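Down below is the structure, laid out as C-alpha cells.
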Amino acid sequence: MATMLLLTFLISSLIMVTVGLAIDFMEILRLGIDGQLSVDPSDVETASLDFGLLTRGQPLAVLHPVSAQDIARVVKAAYGSNQGMTVSARGHGHSINGQAQTTNGVVIQMSGWKGGNKPPRPHVWAEERYVDVWGGELWIDVLKSTLEYGLAPKSWTDYLYLSVGGTLSNAGISGQAFNHGPQISNVYELDVVTGKGEVLTCSEDENTELFHAVLGGLGQFGIITRARISLEPAPNMVRWIRVLYSNFSAFTSDQEHLISLHAEPSNQKFDYVEGFVIVAEGLINNWRSSLFSPQNPVKISTLFPTSGVLYCLEIAKNYHESTAQTIDQEVEFLLKKLNFISTSVFTTDLLYVDFLDRVHMAEMKLRSKGLWEVPHPWLNLFIPSSKIAEFDKGVFKGILGNKTSGPILIYPMNKNKWDHRSSVVTPDEGLFYLVALLRSALDSGEETQSLEYLNNQNRQILRYCDEAGIKVKRYLPHYTTQQEWMDHFGNKWDRFYEMKMEFDPRHILASGQRIFTPTFPSLSNMPS
1 MATMLLLTFL ISSLIMVTVG LAIDFMEILR LGIDGQLSVD PSDVETASLD
51 FGLLTRGQPL AVLHPVSAQD IARVVKAAYG SNQGMTVSAR GHGHSINGQA
101 QTTNGVVIQM SGWKGGNKPP RPHVWAEERY VDVWGGELWI DVLKSTLEYG
151 LAPKSWTDYL YLSVGGTLSN AGISGQAFNH GPQISNVYEL DVVTGKGEVL
201 TCSEDENTEL FHAVLGGLGQ FGIITRARIS LEPAPNMVRW IRVLYSNFSA
251 FTSDQEHLIS LHAEPSNQKF DYVEGFVIVA EGLINNWRSS LFSPQNPVKI
301 STLFPTSGVL YCLEIAKNYH ESTAQTIDQE VEFLLKKLNF ISTSVFTTDL
351 LYVDFLDRVH MAEMKLRSKG LWEVPHPWLN LFIPSSKIAE FDKGVFKGIL
401 GNKTSGPILI YPMNKNKWDH RSSVVTPDEG LFYLVALLRS ALDSGEETQS
451 LEYLNNQNRQ ILRYCDEAGI KVKRYLPHYT TQQEWMDHFG NKWDRFYEMK
501 MEFDPRHILA SGQRIFTPTF PSLSNMPS
C-alpha cells in the first residue's frame, strides 16, 4: 500500500512539474528579449547534440541572445522558477559528454546568431594591447579581428572554431601554454551573468573571487558574456618542424628542455611545443600526420622500433618576413641540442593564420570523407611528469596495442604558468603532461574502432592509472557522481562548493556537467 501511495505521489508530482515547467516557459516567452527565443525543431535538435555524439538532451527552447541583458532575463526567470528550470550556455557545441545540454530548460546559443540583431563584435584596443570579445565569439574570428591591427592573442587552442566562453570555462591549451600559460592566464576582465541573473564585471581588482572561480569553472558560477583578452604583436610567418624519436626518454627529455627555455629571449626558444604518438597503424585517419606526405624522402614505416611506437616532436618558430634571413640560423641553433632521429626532419613554412588554423583545414578533409560527424570518445589527461614514462609503458606500448583511430597528443607544461586561484585542477608537480586521446568511433566493421571498444579502452586506461598510482587529473572532465567530482577537485572542492552556493545557489547553470543537481522545491517534501 505504501509503495502504491509513493508511486501515485511521484506520478502526480511529475505531472505537476511538467505543467509547472510549461507555465514557467510561457513566462520566459513574455520576457522582453532583444534576441530570439526559438522552439524551431532544427534549433532544438542542434542544441540537443554536441561534437561527442555520445549523449542527447532536448531543451524546451533555444535563446539566441544579442546582449548580456537577454541572458540575464532568462536566467533570472529560471532562478524564480519553482520547477527546477535550468539554463545551459552553448558555444560551438564542441563538448564531448553533453556538458552544454539540458532537458528541462533553455540552451543559450552563444555562437551562430539568428535574425537582424547581433551581439557586439570584437573591440580591439591597439595601444593597450587587449581586445574585448563577446563570450560566444569564435577564436578564429577573434584572430581575424586582431590581425587587422597587427596583434593576436598569446595563447591558443589547436582548434579555433571554439567559443571564447567555452575555452575559458575549461582552460584553453595548446603548444603556447608552456610559455604564456593557458588561455585563462591571459584574461584581464570578464562580464558574467551569475545563476541569480546578475550581470557582474570581474577582474583582479573587482569581484576577484568570481573572476578566478569562473576561469576554468566549467560554467558553474556564471555565463561569460564578455572577455578582455591580452594581445601581443603578431608574426607573419611560422617555421613548422616535426622530428621523430624511437626512444621515449629522449623524446620527453627534449620536450622538457624546450619548455625550460620559456624565460629566454624570443630568438633562443621555440614559440610552440607539442608532440604526438604514432603507433604502427596509426597514420590512418590521423589529421596530425598531414605533413608526412609521399613527397617526404623518409618512409616512416622503416623507422618503427620493435615496440611499434614512434614519437613526434612538433615545434614552431614565429618570424616576420623582414627577419626571414635569420630564421634558419635560429632554428639550427635550437635543433642541434636535440636528440631526434637525424634523418627525420620535416619542415614547412606557412602564414601565421594558416598555422593556427591548421586543424580546420584537416577538418574539411575529414568532413568530405564522412569522418568528422562521428562519435568522439575523447580522453584528456594531465599526467605528472614523474609518472609519464610509466604511462608510456603501460598505455602507449601496452593497452593501445598497434592501432588507433585518431591522434594521440602528448606535451608538457609548466605549472608556474597556471594561476592556482582558478578553478582548474592540475597534478601536484611543477611540470605535467597533457595526454589527449582524440579518437573517433568509426563504423568500419573493425572492432578496434567501435564506440564500445574505445570506451572500454578509456576505462582500462583510467583503471591502469589508478592501480599504478599515477595521480592523473582529467582535462575537460566528465563524471556522473558528486563524490567523483569531489575527488577530482580535491582540496579545491570546498571553495568550489562555496562559490556555487554564492553565485548559483539554485544550481541553474551548466547542469549538463552533472556536478550539482538543480533544486526542485516542489519535490523537497517527498516522503523518504
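Numbering (full-length UniProt numbering), first residue to last: 1 to 528. Ideal placement from N, C-alpha and C gives every residue a C-beta, glycine not left out. If you're wondering where the values come from, they're calculated on a predicted model, not measured in any experiment.
- Query: Count the other CB atoms within 10 Å of the CB of Ser293; is the residue buried (16 or more) or exposed (fewer)?
  - Reply: Low per-residue confidence applies at Ser293: pLDDT is 49, beneath 50, and the placement is therefore not dependable, though the value from the model is reported in the following sentence. Per the 10 Å Cβ criterion, exposed.
- Could you check if Leu170 is buried or exposed, using at least 16 other CB atoms within 10 Å of its CB as the buried criterion? The question names Leu, yet the displayed sequence has Asn at residue 170. It counts as buried.
- Task: Under 6 Å Cβ to Cβ from Gln109, same chain only, skipping five residues before and after it: list those, please.
- Result: Val62, His64 and Arg90
- In whole angstroms, what is the alpha-carbon distance linking residue 529 and Ala78? The question about residue 529 has no answer, for the chain in this structure spans 1 to 528.
- Indicate the three-state DSSP secondary structure (helix, strand or coil) for Arg463 in the structure shown. Taken through DSSP and simplified to helix, strand or coil, Arg463 comes out as helix.
- Which residues bound the beta strand (DSSP E) around Gly105? Gly105 to Gln109
- Could you tell me whether the stretch 203 to 223 touches the stretch 152 to 171, where touching means 3 or more Cβ pairs closer than 8 Å? Three or more pairs of CB atoms, one per stretch, sit closer than 8 Å, so the stretch 203 to 223 contacts the stretch 152 to 171.
- With 16 other Cβ atoms within 10 Å as the buried cut-off, status of Gly32: Sixteen is the threshold: since fewer than 16 other Cβ atoms of the shown chains lie within 10 Å of the Cβ of Gly32, the residue is exposed.
- Arg367 lies in the alpha helix (DSSP H); which residues open and close that run? Arg358 to Ser368
- Task: Please determine if the stretch 378 to 385 and the stretch 462 to 480 are in contact, where contact requires at least 3 C-beta pairs separated by less than 8 Å.
- Result: yes
- Have a look at the DSSP bridge pairing and note the partners of Gly57. Paired residue(s): none; Gly57 is not in a bridge.
- Residues that Ile388 bridges to, as DSSP identifies them: According to DSSP, Ile388 bridges with nothing at all.
- Looking at the structure shown, is Leu431 part of a helix, part of a strand, or coil, going by DSSP? strand
- Determine contact between the stretch 331 to 351 and the stretch 118 to 135, defined as no fewer than three beta-carbon pairs at a distance below 8 Å. no
- Query: Excluding five sequence neighbours on each side, which residues of the same chain lie with their C-beta closer than 7 Å to the C-beta of Ile388?
  - Reply: Thr252 and Tyr433
- Query: Along the chain, where does the beta strand (DSSP E) that runs through Ile184 open and close?
  - Reply: It is not in any beta strand (DSSP E) - Ile184 carries neither H nor E in the DSSP assignment.
- Task: May I ask you to report which of helix, strand or coil DSSP gives Val193?
- Result: strand
- With distances taken from CA atoms, which of Phe355, Leu462 and Tyr311 is nearest Arg239? Phe355
- Looking only at DSSP bridge pairs, what is Asp349 linked to? Arg239
- Task: Please state whether DSSP places Thr225 in a helix, a strand or coil.
- Result: strand
- Item | Rounded distance between the beta-carbons of Val273 and Ile315, thought under 8 Å | 6 Å
- Task: Throw me the rounded Cβ distance for the Ile229 and Pro182 pair, which I believe falls under 8 Å.
- Result: No, Ile229 and Pro182 are not in contact; Cβ-Cβ is about 12 Å, not under 8 Å.
- Using CA coordinates, which residue listed in Phe496, Phe270, Cys312 and Trp113 is at the minimum distance from Ile327? Phe270
- Task: Measure the C-alpha to C-alpha separation of Lys365 and Leu442 and round it to an integer number of angstroms.
- Result: 16 Å
- Based on the DSSP output, what are the partners of Tyr272 in its beta bridges? Ala316
- Task: Leaving aside the five residues before and after Tyr453 along the sequence, list all residues of the same chain whose C-beta is less than 6 Å from its C-beta, in chain order.
- Result: Closer than 6 Å at Cβ, skipping near neighbours: Glu447.
- State the CB to CB distance for the pair Gly222 and Gly195, rounded to an integer number of angstroms; the pair is presumed to be in contact (CB under 8 Å). 7 Å
- Query: Secondary structure at Arg495, three-state DSSP: helix, strand or coil?
  - Reply: Helix, per DSSP.
- Query: So is Gln329 buried or exposed if we call it buried at 16+ other beta carbons inside 10 Å?
  - Reply: When all chains shown are included, Gln329 counts as exposed.
- Message: Measuring only the C-alpha atoms, how far is Gln99 from Ile173?
- Response: Rounded to whole angstroms, the separation of the alpha carbons of Ile173 and Gln99 is 19 Å.
- Item | Tyr311 vs Phe211 beta-carbon contact at 8 Å | no
- Which residues mark the beginning and the end of the beta strand (DSSP E) in which Pro153 is found? Leu151 to Pro153
- Message: I'd like to check one pair, Thr102 with Gly512: are the Cβ atoms closer than 8 Å?
- Response: yes
- Task: Could you pull out every residue in the same chain whose Cβ sits closer than 7 Å to the Cβ of Ala126, ignoring the five residues on either side in sequence?
- Result: Tyr149 and Leu151
- Task: Decide if Ser185 is buried, meaning its Cβ has at least 16 other Cβ atoms within 10 Å, or exposed.
- Result: buried
- Item | Terminal residues of the beta strand (DSSP E) in which Leu409 lies | It spans Ile408 to Asn414 - the beta strand (DSSP E) in which Leu409 sits, taken as one unbroken run.
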